[in-house]
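Below you'll find the structure, written out as structure tokens, and then a few comments.
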Amino acid sequence: SGARRDGSELPVEVSLSRIRFEETDLLAAFLTDITSRRAIEREARRAETLNALGAVAAGIAHELNNPLAVISSRIELMIEGQERLPPEAIEDLRVLQRNVERAGRISRHLLSLARRRPTARHAFDINGAIEEVAALIIGESRSGTIQMSFSLDRGISPVTGDQTGLEQVLVNLLTNARDAGADRIGISTEPVAGRKGWIRIAVSDNGVGISTEARKRMFEPFYTSRAEGTGLGLWLSQRVIQEHGGSIATQSGSGAGTTFIIELPVGAAADPAARAAAG
């Protein structure tokens, strides 16, 4: 590698030539900056990885559809015969039904990602989506030790986007916090100061935090610091946020908890079709 004037390193290719000059052998070295070539090669490898992931996602989504349909139909039959069941069982069945429907939406979202087709977008209340996802995560935590606090700005505009995709991003962040040992999670929404038409969502926890090395690679596909992790949750989350024209970043340190910050355009600014028409 070589060095730029500011001291930063750059990849170089060295080509050596032997030159005879006045009965003296000289060696000429030609250095070529290959930064652009490396970037193209990385992008080609990334595209290859995305294509492979797309095929895997499509296969998973296809295989999930049939068992989900069976589960959903059986739950409906059980609810129809509710006179033979106690009220608590009926409520549990309705919770299962809602989550099967959610799994179906996620399956369709995976297919959309795999095929790179635009998903249906509509305006929805992001605060309501946050509260629904938080209730889901708390309900899954049977130990009941997770405490969630909210600071939600009720005056922010509805978000125009793929509600299922953005809810899945929130699910990923909250489950990551839970799996990192957090027992306190804070979620806030607010307008982005000085950036009209944008909102900020912050998810903070008091878990074990993320090391410097992990922060560098956390959005790479298949990278995970947990033995049972797939390494796809944060990669997919970043992709969903970027498809909405937004950004996701983190503030963390080993043993110091973690804060994820999402910034999103809202309203017409978040709709790709509207942006194209405006352009």
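Residue numbers (the numbering used here): 27 to 305. We put the beta carbon where it would ideally sit given N, CA and C, even for glycine.
So, using beta-carbon positions, are Ile-288 and Gly-272 closer together than 8 Å?
To locate residue 288, count along the sequence shown from 1; it is residue 262. To locate residue 272, count along the sequence shown from 1; it is residue 246. Yes, the pair counts as a contact, with Cβ atoms nearer than the cut-off.
For Asp-231, count the other beta carbons within 10 Å of its own beta carbon; 16 or more makes it buried, fewer makes it exposed. Which is it?
To locate residue 231, count along the sequence shown from 1; it is residue 205. So Asp-231 ends up on the buried side.
Does the beta-carbon distance from His-116 to Ile-105 come in below 8 Å?
Numbered from its first residue, the sequence shown carries residue 116 at position 90. Numbered from its first residue, the sequence shown carries residue 105 at position 79. Inspection of the sequence shows that residue 116 is occupied by Ile rather than by His. Contact flag set, yes.
With a cut-off of 8 Å on the beta carbons, I'd call Thr-186 and His-148 a contact; round off their distance for me.
The sequence position of residue 186 within the sequence shown is 160, counting from 1. The sequence position of residue 148 within the sequence shown is 122, counting from 1. Right, the Cβ-Cβ distance comes to about 7 Å (below 8 Å), so this counts as a contact.
N-terminal and C-terminal residue of the alpha helix (DSSP H) that Ser-267 is part of:
Numbered from its first residue, the sequence shown carries residue 267 at position 241. Residue identity check: residue 267 is Ile in the sequence provided, not Ser. Unbroken alpha helix (DSSP H) run through Ile-267: 259–269.
Looking at chain D, is there any beta carbon in it that lies within less than 8 Å of the beta carbon of Leu-262?
Looking at the structure shown, chain D is missing, and only one protein chain is on hand.
For the candidate residues Glu-239, Gly-212, Gly-223, whose alpha-carbon lies nearest to that of Gly-233?
Residue mapping note: residue 233 aligns to position 207 of the sequence shown, counting from 1. With distances taken between CA atoms, Gly-233 lies nearest to Gly-212 out of Glu-239, Gly-212, Gly-223.
Cβ-Cβ separation, Ser-43 to Ala-54 (assumed contact under 8 Å), whole Å:
By one-based count along the sequence shown, residue 54 stands at place 28. By one-based count along the sequence shown, residue 43 stands at place 17. About 5 Å separates the CB atoms of Ala-54 and Ser-43; that is less than 8 Å, so the two are in contact.
Please report the straight-line C-alpha distance between Phe-245 and Val-266, rounded to a whole angstrom.
In the sequence shown, the residue the question calls residue 245 occupies position 219. In the sequence shown, the residue the question calls residue 266 occupies position 240. In this structure, the straight-line span from the alpha carbon of Phe-245 to that of Val-266 is close to 12 Å.
Please report the straight-line C-alpha distance between Gly-33 and Gln-268, rounded to a whole angstrom.
Translated into the one-based positions of the sequence shown, residue 33 becomes position 7. Translated into the one-based positions of the sequence shown, residue 268 becomes position 242. Here the alpha carbon of Gly-33 sits roughly 32 Å from the alpha carbon of Gln-268.
Residue range of the beta strand (DSSP E) that includes Glu-39:
Position 13 of the sequence shown, counting from 1, holds the residue named residue 39. From DSSP, the beta strand (DSSP E) with Glu-39 extends over 38–47.
Using a threshold of 8 Å, state whether the C-beta atoms of Val-195 and Ser-263 are closer than that.
As a position in the sequence shown, residue 195 is number 169, starting the count at 1. As a position in the sequence shown, residue 263 is number 237, starting the count at 1. Closer than 8 Å, so yes.
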